[in-house]
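To start, the structure itself, in C-alpha cells.
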Amino acid sequence: MSEFLVIVESPAKAKTIEKYLGKKYKVRASMGHVRDLPKSQMGVNIENQFEPKYITIRGKGPVLKELKSAAKKAKKIYLAADPDREGEAIAWHLAHSLDVDVESDCRVVFNEITKDAIKESFKHPRPINMDLVDAQQARRILDRLVGYNISPLLWKKVKKGLSAGRVQSVAVRLIIDREKEIKDFVPEEYWTIGGEFLKGKDMFEASFYGVDGKKLELTSEADVKNVLSKIKGNKFKVVSVVKKERRRNPALPFTTSSLQQEAARKLNFRAKKTMMLAQQLYEGIDLGKEGTVGLITYMRTDSTRVSELAQAEAAQYIEHAFGKEYLATEKRKEKKQTNAQDAHEAVRPTSTLRGPGELKEYLSRDQLRLYKLIWDRFVASQMAPAVMDTMSVDLKNGDVTFRATGSKVKFAGFMKVYVEGSDDQTEERDNMLPDLREGDEVLKKDLDSKQHFTQPPPRYTEARLVRTLEELGIGRPSTYAPTLDTIQKRGYVALDNKRFIPTELGEIVLELILEFFPEILDVEFTAKMEQDLDDVEDGKIKWVDIIDDFYSDFAKHLEKAEQEMEKIEIKDEPAGEDCENCGSPMVFKMGRYGKFMACSNFPDCRNTKPIVKDIGVKCPKCKEGNIIERKSKKRRIFYGCDRFPECDFISWDKPLPRNCPKCDHLLVEKKLKKGVQVQCIECDYKEEQQQ
1 MSEFLVIVES PAKAKTIEKY LGKKYKVRAS MGHVRDLPKS QMGVNIENQF EPKYITIRGK
61 GPVLKELKSA AKKAKKIYLA ADPDREGEAI AWHLAHSLDV DVESDCRVVF NEITKDAIKE
121 SFKHPRPINM DLVDAQQARR ILDRLVGYNI SPLLWKKVKK GLSAGRVQSV AVRLIIDREK
181 EIKDFVPEEY WTIGGEFLKG KDMFEASFYG VDGKKLELTS EADVKNVLSK IKGNKFKVVS
241 VVKKERRRNP ALPFTTSSLQ QEAARKLNFR AKKTMMLAQQ LYEGIDLGKE GTVGLITYMR
301 TDSTRVSELA QAEAAQYIEH AFGKEYLATE KRKEKKQTNA QDAHEAVRPT STLRGPGELK
361 EYLSRDQLRL YKLIWDRFVA SQMAPAVMDT MSVDLKNGDV TFRATGSKVK FAGFMKVYVE
421 GSDDQTEERD NMLPDLREGD EVLKKDLDSK QHFTQPPPRY TEARLVRTLE ELGIGRPSTY
481 APTLDTIQKR GYVALDNKRF IPTELGEIVL ELILEFFPEI LDVEFTAKME QDLDDVEDGK
541 IKWVDIIDDF YSDFAKHLEK AEQEMEKIEI KDEPAGEDCE NCGSPMVFKM GRYGKFMACS
601 NFPDCRNTKP IVKDIGVKCP KCKEGNIIER KSKKRRIFYG CDRFPECDFI SWDKPLPRNC
661 PKCDHLLVEK KLKKGVQVQC IECDYKEEQQ Q
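Read left to right, the sequence shown gives residues 1 to 691 (full-length UniProt numbering).
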C-alpha cells in the first residue's frame, strides 16, 4: 500500500513523468477520455436540466479495468491530465470511475514536462476544479444538441454523412462569403510610374508621388501621359531628405494560433500536423543518456506570458551567445486579448540551453523543424529590438514629385535569430540610397509606367482562417485544427493550391442552416457563446443557464425545419465519357479530397478515376503524349505524360506551351518563395521573376 498512482492521458507522457517521480510512484495512461456521451443516441436529458448520460467509451473497458486494479493497491491517486478544460474533465471522469473524492487534493497540473516542473506540481495538488469541468461539459452538450439535431435533418433532406457544428459552420460560412466577395469583385485600374535616377555613378530608384506637393493617384493612361508631359528635361532637384532611426520589436512567443500560422507559412505544415508534432515534443522525446524529456511547454494556449525562470535562462543564453547588447533592456507590456483565457504560458522550449543543433540525432526531420521554429521564436522574443536607419527623399522636376525610400539594418538585434513570416511574404532588406542632400541635382536615367488592377481579397489559407477565427473570438486553441479537418472530411470545402474553396455541397448545407438556424451561423452569437463558456469556467454563471437560453430558441427553429425544410437531390454531373469496365456513363462525385470520376452504375460497378487536367503541352520525351496534371499520394500536384507507363516523363514544375528561345528545350514555371520564375530544364535561361 506504499505506492502512489498517477494517471495521465498518454503512454509517452507516462514514461517521461515516471522517470522523474521515482520508485514510489506508478504512472499509468488512460489513453484520453474513459467516459463520454453515447454515440448511438443524444445522451442529454433535455427534460431534466440537460443532464448528460455518460457511458464507458467502447474499447476502454480493459484500460479502465487495469486502472481500477492499480487504484486498489495505491495509497493515493493523483490525476495529472492536461492543464486545460478537457484535461480537467478527463480527471473528473477518472475520479468518478475510480471512486476518488473530487474535493480531495487529487489533481496535479503542470505546464511543462520537466523534472523541476513535475516535482513542484506534486507539492501543490488541488481538488478538481468543477468550474473547468462544467465549461467543458457545457461545450460538449451544446455541440451534441446542435450536431445530433441538425445532422439527422441534413441526412434526411440532403445526403447521409453530413454534420453541422457551431464552430465548423461559421468556418464554412467565412470561406463561402470570401468566395462570393471574389466573384463579385470589380477590379479597378491604376497606374504607377517608376524611375531610375543617377547621382554621379550611383543609380537608385524612385516612384511618382504627386503634383504640386500633393499625393496623386493615377487611374488611367491619360493621367500618366499628363504627368509625363509636365516633366521637362532630365534634371531633378532634391527638395527634401528625411533620415530617421526606426526600432522594430520582435514577435511575441507563440500561442497555439500563431504557431499554426507560422508553421504553415515557414514549414508548409497543415494545422493538424503542427499539433501532432507539438504534442510529441510536449509529451517527451528520448534523448539517449538524458532519458525522455518534454521539449516544449503545453501547446494549447492563447497566452504570450513567459515565466521569470524561463526569461532568466534565455537572457543567460543570449548574453553568452551574442553579447550583452542583444539582451532586451526593458520588459514589454503585452496587450492581452479580450477573449484570451491566459491559463498557461506561451508555447516555448522547456530549456533555452537545449538548442536545436543538439537534438538532430534524436528528432525526426519534421519534429526538429518545428522545435527549431519554437526555439527561434522564443529566443528572439527575449532579444533587443532591431534598429533600422531609414531615408526618404523627394525629387522634383517642375511641379512633379518622385519619392525614393531606403533602409538599412543598423543593429540586427532579434533579427540575428528570427524574423516573423507574413502572408504577403514581405521581408526587411537593405536598400540604401546614395548620400543625397537638399539642393542636390540628380539625373533621370529612365521612366517606366505600368498598368495595374486592384486584386480581390485572397482565399483563406489554413493560417489565414485560423487567424480570422481567433480575431472573431470563434473557437479556442484546442478547436482550430479539428475544425479545419472536419470541414474538409465532410466535403464542404476543398484545398486548391493550399487555399480553401467551397464545394457545391458546402454551399447547399450552408444555405439550409442559414435559413432555418441563423444563430448557428451568426459570428457574434458564436463569439458570445465562447465568452459564456469562459464565464462558466470563471464561476460567473451556471452551465445549465447558458444551455437553457440557447435551447429555448433552438428548439423552435428545429421544429420549423422539420416541417418546412425541403428535400434536396444533388444530381451527379455527367463527366462526358463512358466507363471502360461496363459502358455506363461516368459522373463527377465529391470526395474528401475534391472531385473525382465514378461510374454511374454504382454499386454494381465500382470503377473510379481521377479527373485528368490537360495543360495543353506535348510531352517533350516521347513527343506523342500530352502533359496532364496529376496528384501524388500526399496530394501534391505534379505533371506527367498521359501515356504513362509507356512514357515515364514527370515534372514537379509546370511545363509551358513554348520552348526555350536559347536551346529550344522545355520551359517550366518554377514556384519560388516570392512568386514564380520561368526557367529552362536544360540550359541556364531564366525570365524575370513574377510576383
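Cβ atoms here follow ideal geometry from the backbone N, Cα and C, with glycine treated the same way.
Where residue i falls: helix, strand or coil (DSSP)
{"i": "D485", "result": "helix"}
{"i": "H452", "result": "strand"}
{"i": "M42", "result": "coil"}
{"i": "M391", "result": "strand"}
{"i": "L443", "result": "strand"}
{"i": "S258", "result": "helix"}
{"i": "F517", "result": "coil"}
{"i": "V133", "result": "helix"}
{"i": "E427", "result": "Its pLDDT being 49, under 50, E427 is placed unreliably in this model, and the coordinates cannot settle the point."}
{"i": "Y282", "result": "helix"}
{"i": "K115", "result": "helix"}
{"i": "V400", "result": "strand"}
{"i": "L505", "result": "helix"}
{"i": "T301", "result": "coil"}
{"i": "R354", "result": "coil"}
{"i": "P610", "result": "coil"}
{"i": "residue 705", "result": "With the chain covering 1 to 691 only, the question about residue 705 has no answer from this structure."}
{"i": "Q316", "result": "helix"}
{"i": "K26", "result": "strand"}
7 Å Cβ cutoff met for residue i and residue j
{"i": "G352", "j": "E313", "result": "As written in the sequence, residue 352 is Thr, which differs from the Gly given in the question. Yes."}
{"i": "V27", "j": "E88", "result": "no"}
{"i": "K76", "j": "F4", "result": "yes"}
{"i": "V109", "j": "P127", "result": "no"}
{"i": "V34", "j": "G506", "result": "no"}
{"i": "A575", "j": "M565", "result": "no"}
{"i": "R85", "j": "A138", "result": "no"}
{"i": "G616", "j": "R643", "result": "no"}
{"i": "G284", "j": "T274", "result": "no"}
{"i": "K115", "j": "Y20", "result": "yes"}
{"i": "I175", "j": "T16", "result": "no"}
{"i": "V493", "j": "F500", "result": "yes"}
{"i": "S257", "j": "V466", "result": "yes"}
{"i": "A380", "j": "V347", "result": "no"}
{"i": "H557", "j": "F588", "result": "no"}
{"i": "P52", "j": "V44", "result": "yes"}
Outcome for residue i when other beta-carbon atoms lying within 10 angstroms are tallied against a minimum of 16
{"i": "C683", "result": "exposed"}
{"i": "V612", "result": "exposed"}
{"i": "Q382", "result": "buried"}
{"i": "N547", "result": "Looking at the sequence itself, residue 547 is Ile, so the reference to Asn does not match. Under this definition I547 is a buried residue."}
{"i": "W92", "result": "buried"}
{"i": "N149", "result": "buried"}
{"i": "M388", "result": "buried"}
{"i": "W375", "result": "buried"}
{"i": "V242", "result": "exposed"}
{"i": "F453", "result": "exposed"}
{"i": "N111", "result": "buried"}
{"i": "C579", "result": "buried"}
{"i": "W543", "result": "buried"}
{"i": "T219", "result": "exposed"}
{"i": "P655", "result": "buried"}
Alpha-carbon spacing of residue i relative to residue j, whole angstroms
{"i": "L436", "j": "A386", "result": "24 Å"}
{"i": "R305", "j": "F254", "result": "10 Å"}
{"i": "R140", "j": "D653", "result": "46 Å"}
{"i": "L395", "j": "D522", "result": "52 Å"}
{"i": "E537", "j": "D99", "result": "24 Å"}
{"i": "I637", "j": "I650", "result": "11 Å"}
{"i": "G491", "j": "D485", "result": "10 Å"}
{"i": "Q679", "j": "L295", "result": "42 Å"}
{"i": "G406", "j": "N431", "result": "5 Å"}
{"i": "L370", "j": "A263", "result": "7 Å"}
{"i": "K498", "j": "T461", "result": "6 Å"}
{"i": "G473", "j": "P603", "result": "45 Å"}
{"i": "K266", "j": "L259", "result": "10 Å"}
{"i": "L198", "j": "D446", "result": "10 Å"}
{"i": "I541", "j": "N48", "result": "19 Å"}
{"i": "V238", "j": "A206", "result": "12 Å"}
Within the segment 151–222, ranges of the beta strand (DSSP E) (whole runs, at least 3 residues)
189–199 and 202–211, all fully within the segment 151–222.
Which ranges does the beta strand (DSSP E) cover as unbroken runs of at least 3 residues, wholly within the segment 42–88, from first to last along the chain?
For the segment 42–88, the continuous beta strand (DSSP E) assignments of 3+ residues that do not extend past its boundaries occur at 76–79, in sequence order.
Quick one: complete beta strand (DSSP E) runs, 3+ long, within the segment 529–588?
Within the segment 529–588, the complete beta strand (DSSP E) runs of at least 3 residues are 573–578.
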